[in-house]
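The sequence shown lines up with residues 50 to 377 when you count with the working numbering.
Even for Gly, the Cβ is constructed at its ideal location relative to N, Cα and C.
Working notes, beginning with the structure itself.
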Amino acid sequence: MPLSNAQYDQIIREYNAKQIKNQHMVDDRMNEVYGKDKRLKAIDDAISSCSLFQARKLLNGDVTALATLRSKLSEYKKQRLDILKQLGYSEQYFEPVYECPDCKDTGYIENERCHCFMQRAIDLVYTQSNIRNILKDENFGTFSYDYYSDSQQNPATGLTSLQTIQNAVRECQKFIRDFDTDFSNLFLYGDTGVGKTFLSNCVAKELLDTGHSVIYFTAFQLFDIFEKNTFQKENDKDIIAAHQNIFDCDLLILDDLGTEMPNSFTISQLFLCINERILRSKSTIISTNLSLNQVAEIYSERTFSRISSKYVMLKLFGDDIRIQKKIH
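Now the structure itself:
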């Protein structure tokens, strides 16, 4: 994921700050227990001295030094653990509390950038950190079926609004559960205010929490990046990076398709985006207020064919939830 030097340095500084904060926490906890039993400090000092002493002996050719070191360390650690237990502490009390246990807040796993680094780069490039705040309110934990009627039926399916959203939620949960093993895409369509964006956000929250990279765009934002990449990208690393990440992220969410101003450029770019992500087996969620016929008419039969053949189509219907909330 290309970043400018300034962006890379900013992310690395954030990781350094996390590591320093963790080290301060560990130091504070060590000083806390040292104050309760001075023997612990003496044991820790003895471990350090013993390790250094035996290492020197090993370098000087003493073949018994390593076995001696292991024996002494085992004895010291047992004494240490016994004292900690008497004081009511576990050894885990002195372990850092990492935001990302996978890379231990370094940003790297061996020589590869960690998934948390990738997502931080996405947040920085697209200035989409505000999505984190949205997902605190819009997730499966706050999702409610109360706004869907159990009597209002869709003539085409015979299902009620409530049954329809229940099926949609099950499909979304399956999408999340099988995300790493079964390539799939979701196409959410229906009238304004029936929960399409909310449901997309529920999926985004679950995948972000499991270390996947997620980019959220409205249709206008997405096509704006495509336009800048085509006509203004000269030596602009941010635009080039933003464009590349659209095809590389684990999940792309394209919200409110049809609210942009469709033209020959946006139509061709939508097909390119959809087709390229399918070829790369990168999942996409698209939501729109348009009907399927309108999607085919506006964006071409070719684009609609790719969507209908490679996406799980979920139509939501019901009364506008935003209006219901205002009334109640």
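Could you please give me the residues that DSSP links to residue i through a beta bridge?
i, result
"T352", "Answer by DSSP bridge pairing: none, since T352 is not bridged."
"Q202", "T209"
"Y265", "I302"
"V361", "L235"
"T337", "Y238 and L306"
"Y196", "According to DSSP, Y196 bridges with nothing at all."
"Y157", "R162"
Could you give the DSSP three-state label for residue i: helix, strand or coil?
i, result
"D172", "helix"
"M79", "helix"
"F236", "strand"
"Y125", "helix"
"E346", "helix"
"M50", "Unreliable placement is indicated for M50, whose pLDDT of 49 sits below 50; the coordinate value is still reported in the next sentence. Coil."
"R371", "helix"
"E187", "coil"
"S332", "strand"
"E255", "helix"
"S178", "With a pLDDT of 47 at S178, under the threshold of 50, the predicted position of this residue should be treated as unreliable, though the coordinate-derived value follows. Coil at S178, not helix or strand."
"E325", "helix"
"V218", "helix"
"Y64", "helix"
"F320", "helix"
"Y142", "helix"
Is the beta carbon of residue i sitting closer than 9 Å to the one on residue j?
i, j, result
"T117", "Q103", "yes"
"L271", "L303", "yes"
"L363", "L237", "yes"
"N338", "T308", "yes"
"D93", "G260", "no"
"Q168", "V263", "yes"
"G367", "D240", "yes"
"I171", "C251", "no"
"R78", "Y142", "yes"
"R329", "F296", "yes"
What distance in whole Å lies between the Cβ atoms of residue j and residue i, which are believed to be in contact at a cut-off of 8 Å?
i, j, result
"L248", "C221", "6 Å"
"F232", "I60", "Not a contact, Cβ separation roughly 29 Å."
"V344", "L235", "Not quite, the Cβ-Cβ distance comes to about 14 Å (not below 8 Å), so this is no contact."
- Item | Cβ contact check for the segment 313–332 and the segment 192–204: 3 or more pairs under 8 Å | no
- Message: Using a Cβ distance threshold of 8 Å, determine whether the segment 182–198 contacts the segment 303–317, with at least three qualifying pairs required.
- Response: no
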